[in-house]
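A.B. asks: Okay, handing you the structure first.
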Amino acid sequence: MTSAFVFPGQGSQAVGMGKELAAAFAEAREVFGEVDEALKQNLSALMFDGPGETLTLTENAQPALMAVSMAILKVLEKQSNVTVRSAARYVAGHSLGEYAALAAAGALSLADTARLLKIRGQAMQKAVPVGEGAMAALLGLDLPQVQEVAVEASVGGLICATANDNAPGQVVVSGHKAAVDKAIELAKARGAKRAMVLPVSAPFHCPLMKPAADVMAEALSNVAIKSPVVPLIANVTAATVIEPDEIRRLLVEQVTAMVRWRESVIAMKDTGVDLLVEVGAGKVLTRMTKRIVEGVESISLQGPQDIEAFLKR
-11 MTSAFVFPGQ
-1 GSQAVGMGKE
9 LAAAFAEARE
19 VFGEVDEALK
29 QNLSALMFDG
39 PGETLTLTEN
49 AQPALMAVSM
59 AILKVLEKQS
69 NVTVRSAARY
79 VAGHSLGEYA
89 ALAAAGALSL
99 ADTARLLKIR
109 GQAMQKAVPV
119 GEGAMAALLG
129 LDLPQVQEVA
139 VEASVGGLIC
149 ATANDNAPGQ
159 VVVSGHKAAV
169 DKAIELAKAR
179 GAKRAMVLPV
189 SAPFHCPLMK
199 PAADVMAEAL
209 SNVAIKSPVV
219 PLIANVTAAT
229 VIEPDEIRRL
239 LVEQVTAMVR
249 WRESVIAMKD
259 TGVDLLVEVG
269 AGKVLTRMTK
279 RIVEGVESIS
289 LQGPQDIEAF
299 LKR
């Protein structure tokens, strides 16, 4: 089979993630220890034991999710010589998962990735005062319909934009709370099956995140980026990228731009990928894949049992 390794985004975090890995594998403990050291924070203890409300904070959830993904990859490498270079044609990640994908493919160091995600989380949280922004999932409408809704909801200087094209009939909007509330009304009037505000602390992937994009431009300018060992399917373009300066530019643009996940999965299938391996916490991307395309198997690697089953394939 032809595989791609994909990496989850925010929302997949849960207290206890990575705990079984750390108990079972010294190499996982090494990854968690390196991330803790890079951040000067006992993030692994927060991941393993909570409290959940602290883990869910954007500045903690983002590096924590990356750490779990990287720990799983390190276990695969040490236990069975399975690497991204040997096992995957592409890497891709959903929003913050793009940083995990780049670290997995050797474009970013583990320590730099952890620090970048800490900065990214803090910057995204600070970009919009709490309560002024919101995000909502509009279910049952396709992307063009949601784009029309977003335009119609953006009145009086308020912003509403498409933030995530996740799967057919699953598009997320982001922006000022009043505009997002209006989008929910409009979506229901146009036949949306469900339209619900998401439990997030900031309106990600919309123009309101411009201050955070500026912070990331500065942070990324001070970090070495190498060409990944396999191409990245970028969120912003749903196309391959390997050139470091282009990767840097797209990571900045990604903060305010829509995550084109549905198109990314289709692009991978169209070039022969028939197995998507979700590396990290949760099964969000695995479930999405089944809604996006037929003929592509999707599996999730989270704990020791998943890794054992994968290595026996």
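In case it helps, the numbering used here puts the sequence shown at residues -11 to 301.
Using N, Cα and C, we set each Cβ at its ideal position, and we do this for glycine too.
In this text the structure is predicted, and so the values were computed from the model without any measurement.
Cα-Cα, which of T244, A245, A33, H164 is closest to R17?
C.D. replies: Cα-wise, what sits closest to R17 is A33.
A.B. asks: Closest by CA to V203, which one among M54, K106, V72, L96?
C.D. replies: Checking every option, the nearest Cα to that of V203 belongs to K106.
A.B. asks: Leaving out five residues on either side along the sequence, give the residues of the same chain with a beta carbon under 8 Å from the beta carbon of V261.
C.D. replies: So the list reads T(-10), S(-9), A(-8), R77, Y78, V284, once near-sequence residues are dropped.
A.B. asks: Where does V188 fall in DSSP's three states?
C.D. replies: V188: coil per DSSP, three-state reduction.
A.B. asks: Hey, how far is the Cα of G305 from the Cα of A212?
C.D. replies: Residue 305 lies beyond the range of the chain shown here (-11 to 301); nothing can be said about it.
A.B. asks: Can you give the Cα-Cα distance for A166 and L146, rounded to whole angstroms?
C.D. replies: Approximately 8 Å, taken between the alpha carbons.
A.B. asks: Distance, Cα to Cα, M256 vs T244?
C.D. replies: Distance between the alpha carbons of M256 and T244: 24 Å.
A.B. asks: Taking the runs of the beta strand (DSSP E) that are 3 residues or longer, which of them lie wholly in the segment 54 to 113?
C.D. replies: Segments of the beta strand (DSSP E) lying fully in the segment 54 to 113: 78 to 81.
A.B. asks: Using only alpha-carbon positions, find the residue among D130, G163, E234, A175 that is nearest to V143.
C.D. replies: V143 has its Cα closest to that of G163, out of D130, G163, E234, A175.
A.B. asks: Go ahead and pull the three-state DSSP assignment for I230.
C.D. replies: Of the three classes helix, strand and coil, the one that applies to I230 here is coil, per DSSP.
A.B. asks: Going straight from the alpha carbon of E266 to that of P292, what length do you get?
C.D. replies: Distance between the alpha carbons of E266 and P292: 14 Å.
A.B. asks: Do N152 and M246 count as a contact pair if the criterion is CB distance below 8 Å?
C.D. replies: For M246 and N152, yes; Cβs fall inside 8 Å.
A.B. asks: Please report the residue range of the beta strand (DSSP E) in which M123 lies.
C.D. replies: Looking at the DSSP string, the run of the beta strand (DSSP E) that includes M123 is 121 to 127.
A.B. asks: Apart from the five residues just before and just after E241, which ones in its own chain have a Cβ nearer than 6 Å to its Cβ?
C.D. replies: Counting only Cβ-Cβ distances below 6 Å, and skipping sequence neighbours, we find V224.
A.B. asks: Rounded to the nearest angstrom, how far is the Cβ of Q(-2) from that of Q50, given a contact under 8 Å?
C.D. replies: Right, the Cβ-Cβ distance comes to about 6 Å (below 8 Å), so this counts as a contact.
A.B. asks: Taking the alpha-carbon positions, what's the S74 to L53 distance?
C.D. replies: Rounded to whole angstroms, S74 to L53 spans 23 Å at the Cα level.
A.B. asks: Buried or exposed, going by whether 16 or more other CB atoms sit within 10 Å of the CB of V134?
C.D. replies: Buried is the call here.
A.B. asks: Please report the residue range of the alpha helix (DSSP H) in which Q133 lies.
C.D. replies: Segment 131 to 141, the alpha helix (DSSP H) holding Q133.
A.B. asks: Classify R279 as buried or exposed, calling it buried when 16 or more other Cβ atoms lie within 10 Å of its own Cβ.
C.D. replies: R279 is exposed by the Cβ-count criterion.
A.B. asks: Hey, how far is the Cα of A222 from the Cα of G179?
C.D. replies: Those two C-alpha atoms are separated by around 31 Å.
A.B. asks: Looking only at its own chain, which residues have a Cβ that is under 8 Å from the Cβ of V3, when we skip the five neighbours before and after it?
C.D. replies: Same-chain partners within the cutoff: M35, F36, D37, G38, P39, G40, L43.
A.B. asks: Check for me: the alpha helix (DSSP H) holding G145 runs from which residue to which?
C.D. replies: Premise fails: G145 is in no alpha helix (DSSP H) and is neither H nor E.
A.B. asks: Buried or exposed: which applies to K181, given that a residue is buried once 16 or more other Cβ atoms fall within 10 Å of its Cβ?
C.D. replies: With fewer than 16 Cβ atoms within 10 Å of its Cβ, K181 is classed as exposed.
A.B. asks: Relative to the C-alpha of K62, which residue among F20, L239, G109, A205 is closest?
C.D. replies: Comparing Cα positions, the closest option is F20.
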